[in-house]
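Colleague:
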Ligand code: MG
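Numbering (our numbering), first residue to last: 1 to 372.
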């Protein structure tokens with residue numbers, strides 16, 4: 001049962017190229033399936049989220065992170081009476097534009113592009129993937145996704161202004177995105193906050209006392225676990241507390257959003273609001289912020305992860321410079337494209353699509369591998 005404020009597939013603004021309806025899958029279900037069957041989606045498996053493969057096969061990569069976001073987002077959407085098929089499509093596609101080597105890779109690619117007077121943005125790149133780079137259909141380039149999925153790719157986590165991005169005008173930049181897109185950004189944050197505590201603890205980069213002292217929301221859950229399972233090993237107490245913390249964030253989001261959307265009667269009304277309606281309540285929001293700050297300070301900027309970031313930056317900046325200098329070294333299709341389009345943009349598109357190990361192979365080939 002969809003709520004009044006949910007997106008209805010029958011009211012979709014449709015696809016760029018009209019298609020015959022499928023006998024038993026609606027357009028949002030088909031979009032979700034198209035994302036799952038795309039090459040860019042499969043490559044997420046070999047892209048770093050926070051930890052590279054060198055740590056452990058148990059840690060998240062961008063694909064398993066994406067699946068966790070989809071699970072959390074579906075749960076929230078179902079509770080709020082939102083369109084779970086649209087939400088699932090948006091969750092599965094939300095990180096498809098990320099380059100290799102996690103945020104270090106993203107930053108390095110952006111720095112390299114800015115030196116050429118351009119820039120890199122993973123949401124804009126994701127749109128280019130689904131609109132142009134995926135080649136699956138004889139009749140058109142790209143995946144021919146519905147308007148609502150493309151709009152969500154652009155608007156789920158960032159507000160782009162129409163003055164700065166005239167090419168995005170069709171995505172109704174002066175309006176809020178539907179709730180289905182709004183919730184992706186927060187489901188993403190719930191997923192990575194809890195996953196990064198988990199992987200950070202497992203990697204011994206974060207200790208239990210440190211997490212308990214630095215993340216009050218986690219500590220609240222841990223105290224409850226201590227009462228129930230005082231004899232259990234620390235690792236299991238940690239797991240129990242983390243599970244409760246995740247649940248607390250999800251439930252907080254559902255409760256607070258439910259109150260805020262009570263009197264909203266349509267998607268158009270959601271779009272007309274001055275602000276986003278999907279939010280955590282103040283208490284859970286404070287806990288979320290504390291957790292995020294703790295992760296920045298203690299994990300993302302930790303000295304242990306620093307050498308890998310430096311390495312990632314070097315690989316990206318040297319390879320980028322090499323191909324910009326010698327576009328003839330790019331594979332056929334790209335070097336052809338570089339004759340008519342800005343070379344830096346073509347190189348950036350090529351590199352952003354790469355997996356961690358593929359870019360390292362290319363680095364070995366063109367830049368002579370690692371130097372101490
Ligand atoms: Mg994400």
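Here a beta-carbon is modelled for each residue, glycine too, at the ideal position from N, C-alpha and C. Given the structure is predicted, the values throughout are model-derived calculations rather than measurements.
Could you check how far apart the C-beta atoms of residue 270 and residue 277 are, in whole angstroms? I think they sit under 8 Å.
Modeller: Residue 270 to residue 277, Cβ: 6 Å. Contact.
Colleague: Is residue 304 helix, strand or coil when you go by DSSP?
Modeller: Looking at residue 304 - three-state DSSP - the assignment turns out to be helix.
Colleague: Figure out for me which residue from 367, 355 and 313 has the closest Cα to the Cα of residue 113.
Modeller: Of the listed residues, the one whose Cα sits closest to residue 113 is 313.
Colleague: Just to confirm, does residue 185 get its C-beta within under 6 Å of one of the non-hydrogen atoms of the ligand MG?
Modeller: No, the beta carbon of residue 185 sits no closer than 6 Å to any heavy atom of the ligand MG.
Colleague: For residue 84, name the three-state secondary structure that DSSP assigns.
Modeller: In this structure, residue 84 counts as helix in the three-state DSSP scheme.
Colleague: Can you tell me where the alpha helix (DSSP H) with residue 122 in it begins and where it stops?
Modeller: That run of the alpha helix (DSSP H) goes 122-128.
Colleague: Taking 6 Å as the cut-off, is the CB of residue 95 close to at least one heavy atom of the ligand MG?
Modeller: It does: the Cβ of residue 95 is within 6 Å (strictly closer) of some heavy atom of the ligand MG.
Colleague: Can you tell which of 355, 363, 360 and 366 has the C-alpha that lies nearest to the C-alpha of residue 96?
Modeller: Residue 355 is the option with its Cα nearest to residue 96.
Colleague: Could you give the DSSP three-state label for residue 193: helix, strand or coil?
Modeller: Three-state result, residue 193: helix.
Colleague: What residue does the alpha helix (DSSP H) around residue 287 start on, and which one ends it?
Modeller: Counting along the chain, the alpha helix (DSSP H) containing residue 287 begins and ends at 282-295.
Colleague: Alpha carbon to alpha carbon, how far is residue 228 from residue 319?
Modeller: Roughly 54 Å between the two C-alpha positions.
Colleague: Name the two residues that bound the continuous alpha helix (DSSP H) containing residue 30.
Modeller: Start and end: 27-36.
Colleague: Can you find the residues in the same chain that come closer than 7 Å, C-beta to C-beta, to residue 127, ignoring five residues on each side of it along the sequence?
Modeller: Once the five neighbours on either side are set aside, the close Cβ partners of residue 127 are 150, 153 and 154.
Colleague: Closer than 7 Å by C-beta to residue 375: which residues in its own chain qualify, once you throw out the five before and the five after it? Chain order, please.
Modeller: Missing from the structure shown is residue 375; the chain here goes from 1 to 372 and no further.
Colleague: Suppose the cutoff is 6 Å on Cβ atoms and the five residues either side in sequence are ignored; what does the same chain contact list for residue 29 look like?
Modeller: For residue 29, where only same-chain residues beyond five positions count, the Cβ hits under 6 Å are 85.
Colleague: How many Å lie between residue 251 and residue 63 at the Cα?
Modeller: When rounded, the distance between both Cα atoms is 25 Å.
Colleague: Excluding five sequence neighbours on each side, which residues of the same chain lie with their C-beta closer than 8 Å to the C-beta of residue 90?
Modeller: Result list for residue 90: 73, 149, 152, 153, 156, 180, 181 and 184, in chain order.
Colleague: Can you list, in chain order, the residues of its chain with a C-beta nearer than 6 Å to that of residue 214? Leave out the 5 residues immediately preceding and following it.
Modeller: Excluding residues within five positions, the ones whose Cβ falls inside 6 Å are 294.
Colleague: Find out if the Cβ-Cβ distance for the pair residue 88, residue 32 is shorter than 7 Å.
Modeller: Result yes, Cβ atoms of residue 88 and residue 32 sit closer than 7 Å.
Colleague: Under the rule that 16 or more other beta-carbon atoms within 10 Å means buried, what is residue 372, buried or exposed?
Modeller: Interpretation of residue 372 is limited by its pLDDT of 46, a score under 50 that renders its predicted location unreliable; the figure taken from the coordinates is listed afterwards. Residue 372 should be labelled exposed.
Colleague: What residue range does the alpha helix (DSSP H) around residue 255 cover?
Modeller: Note, residue 255: alpha helix (DSSP H), 234-261.
Colleague: Based on Cα-Cα distance, which residue from 219, 308 and 261 lies nearest to residue 103?
Modeller: Taking only the C-alpha atoms, the option nearest residue 103 is 308.
Colleague: Would the C-beta of residue 188 count as close to the ligand MG, meaning under 6 Å from any of its heavy atoms?
Modeller: Flag set: Cβ of residue 188 near the ligand MG.
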